[in-house]
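Residue numbers (my numbering): 359 to 622.
We put the CB at the ideal spot given by N, CA and C, even for glycine.
These numbers were taken from a predicted model, which means no experiment stands behind them.
Structure below.
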């Protein structure tokens, strides 16, 4: 596969370009970028159908400078899909009438407004779309409300194995002010009553640190630096940023979620 024509990439952009392919029209295939030593731009893996002997691919410009793609160099290779494969589109826009039916099917007899609904930042969109989004959120109002006690356990079987070899770290409690001692005892009592923590007798021990936040409140923290110093790090590949950018290509709306409590 080669470029249909010369293409110049602007700085730090995600661009759709046309590439000429030696395949019959109507052929659907997986188009893999060929290995290259060029670190300035990146071609995303693409699934497309050949039309007029061309397909569209996404190219990312990764460096802070303009780039020109080579017109004569083979950049991709095509792997045709089998006839029994079903290709499902992932980034097609949702049809509004189907979303309306879906929200209507979810509706409870009484969906009460969200707490602080007037402060909900739902983005810049049509009034009808905004009302639809709020109607959807109201069906799950209980999920975003702050509840007493420990959150329910996630339905995922996850165990953490911390490899510290034969090391054992133990520290005496740090000196705190009277007020900080009261805050620590209060937080520990609340976490015990909500079953977020449980009593334990162990050789390991780490000091509590009270950190003041910008709003004047305090955060209950544990100083685990001595544990981190003796922990054998897990080595595993990190997710590729370019894969995330490709997955977001064409998206117009994004959701940002925050937690009431992220950690203790």
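Quick one: measure Cβ to Cβ for residue i and residue j, integer angstroms, because I've assumed they're closer than 8 Å.
i	j	result
residue 436	residue 387	5 Å
residue 372	residue 607	6 Å
residue 361	residue 600	Rounded, the Cβ-Cβ distance is 19 Å, inconsistent with contact.
residue 611	residue 481	6 Å
residue 457	residue 478	Not really, about 18 Å apart at Cβ, beyond 8 Å.
By the DSSP assignment, the beta strand (DSSP E) with residue i in it spans what residues?
i	result
residue 374	372 to 378
residue 366	365 to 367
residue 703	The structure shown does not extend to residue 703, since the chain is modelled only from 359 to 622, so the question has no answer here.
residue 419	412 to 419
residue 387	386 to 391
residue 504	Neither: residue 504 is in no beta strand (DSSP E) and is coded neither H nor E.
residue 588	No beta strand (DSSP E) contains residue 588, which is instead part of the alpha helix (DSSP H) from 583 to 588.
residue 437	434 to 438
residue 562	First-last for residue 562: undefined, no H or E at that position.
residue 478	Per DSSP, residue 478 belongs to no beta strand (DSSP E) and is neither H nor E.
residue 617	No beta strand (DSSP E) holds residue 617; DSSP gives it neither H nor E.
According to DSSP, is residue i part of a helix, a strand, or is it coil?
i	result
residue 528	strand
residue 444	coil
residue 460	helix
residue 360	strand
residue 550	helix
residue 574	coil
residue 427	strand
residue 541	helix
Can you tell me whether residue i is buried or exposed? The criterion is at least 16 other CB atoms within 10 Å of its CB, across all chains shown.
i	result
residue 483	exposed
residue 443	exposed
residue 404	buried
residue 427	buried
residue 417	buried
residue 596	exposed
residue 540	exposed
residue 434	buried
Over the uninterrupted alpha helix (DSSP H) stretch that includes residue i, give me the two end residues.
i	result
residue 601	599 to 606
residue 495	485 to 496
For chain C, is any of its Cβ atoms less than 9 Å away from the one on residue i?
i	result
residue 583	Going by chain labels, chain C is absent from the structure shown, which holds only one protein chain.
Looking at residue i and the ligand GTP, is the gap between the Cβ and the nearest heavy atom below 8 Å?
i	result
residue 597	For the structure depicted, the ligand GTP is absent and the ligand set is empty, with no information on it obtainable.
* Any contact of the stretch 525 to 540 with the stretch 560 to 571, i.e. 3+ C-beta pairs under 8 Å? -> yes
* Taking three-plus beta-carbon pairs below 8 Å as touching, is the stretch 514 to 529 in contact with the stretch 582 to 594? -> yes
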